[in-house]
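Take a look at the structure below.
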Amino acid sequence: MQTQVKNELEYYQWFLNIEKQRCIRNKRIVCILSIDFNQNGNPLIRKNKGRIIKLIQSYVRQSDAIFNFDEKVHIILTDTDKEGAYLVAKRILNGVQKKCLSDGHFILNVKIWDFNAKIQFKTFMYNQGWSEPWRLIATHK
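1393 is the number of the first residue of the sequence shown in this note's numbering; add one for each residue after it.
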């Protein structure tokens, strides 16, 4: 489902009202993958925004939501554990590298909520320059 909303505040309100209850009921976590096309800095990334979004759609399930703002794209995934969400994020990073960019620098921000444990995992994922291995930095809030 691709949804155009007016601003990010509206998006988070939607997310909290609907997803929170569903995730508590089903004992699932929520993962939000965010791509900021301004932050990424590489002109190839902005030029290929349409292709990147199409590629992401091929990696996420029909039940997941994609929010497309002017400069940002947010993908909401629900999963039973963090690992499933991380695997999707890795697939997106690798897919963007192979299919949309010959080289360059791509940043994917990831936030994970576990409403059952009352913990928000704030996670930042990135791959810089593609020669370095995929890295993950996680902080717990």
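By construction, the Cβ of each residue, glycine as well, lies at the ideal position given by its N, Cα and C atoms.
Apply the 10 Å Cβ neighbour rule to residue i and answer buried if 16 or more other Cβ atoms are within range, or exposed otherwise.
i, result
"L1479", "exposed"
"R1417", "exposed"
Since residue i and residue j should fall inside the 8 Å C-beta cutoff, what is the C-beta to C-beta distance between them, to a whole number of angstroms?
i, j, result
"A1481", "I1468", "In fact, because the Cβ distance is near 13 Å, the residues do not count as touching under 8 Å."
"L1425", "I1484", "7 Å"
"K1464", "I1410", "Not confirmed; about 20 Å, so no contact."
"F1459", "K1441", "14 Å between Cβ atoms; not a contact."
Alpha carbons only, please: which of the options is nearest the one belonging to residue i?
i, options, result
"V1502", "I1437, D1462, G1476, K1412", "G1476"
"K1490", "D1471, R1453, I1437, H1466", "I1437"
"V1452", "K1439, F1461, C1423", "C1423"
"Q1413", "N1486, T1470, G1487, V1488", "T1470"
"I1448", "H1466, R1420, C1415", "H1466"
Which class does residue i belong to by DSSP, given the choice of helix, strand or coil?
i, result
"N1486", "helix"
"N1440", "coil"
"V1465", "strand"
"V1422", "strand"
"V1480", "helix"
Consider the Cβ of residue i: report whether some Cβ of chain D lies at a distance smaller than 8 Å.
i, result
"K1482", "The structure shown contains no chain D, having only a single protein chain."
For residue i, write down the residues that DSSP places opposite it in a beta bridge.
i, result
"A1457", "I1468"
"I1427", "V1465"
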